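Novice: All residue numbers in the sequence shown are consecutive under our numbering, ending with 63.
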Amino acid sequence: MCQHHPQCPSADAPDRDAACLIAFHPEQGWGLLCNGVVLFDDRGELMPDGRSIPARASLGCAA
């Protein structure tokens, strides 16, 4: 699906979130990556095969 060079990480790769954003709908709370993964504002994901990945904890600083 990705047309970038070098190619973005696949949907199965651990770093799949590093793929390029090709559609962004902040008013609806989601974006589509070029590897077919849909990212949601809560950091949850919808995989190209229909599996859902629950939201992950933020990696921000603990203050």
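Even glycine gets a Cβ: it sits at the ideal position worked out from N, Cα and C.
Owing to the predicted nature of the structure, the values given are computational and were not obtained by experimental measurement.
In or out: Cys-61 buried (at least 16 other Cβ within 10 Å) or exposed?
Specialist: Only weak support is given to the placement of Cys-61: the predicted model assigns it a pLDDT of 48, under 50, and the value that follows is read from those uncertain coordinates. Exposed, since its Cβ has fewer than 16 Cβ neighbours within 10 Å.
Novice: For Pro-54, which residues of its own chain have a beta-carbon under 8 Å away from its beta-carbon, when the five flanking residues on both sides are left out?
Specialist: Gly-44.
Novice: Pick helix, strand or coil for Ala-18, following the three-state DSSP scheme.
Specialist: Ala-18: helix per DSSP, three-state reduction.
Novice: Say yes only if the C-beta of Cys-2 is nearer than 7 Å to one or more non-hydrogen atoms of the ligand ATP, and no if none qualify.
Specialist: The ligand ATP is absent from the structure shown, which contains no ligand whatsoever.
Novice: Suppose you measure from the CA of Cys-8 to the CA of Arg-51; what does that come to, to the nearest Å?
Specialist: Cys-8 and Arg-51: Cα-Cα distance of roughly 20 Å.
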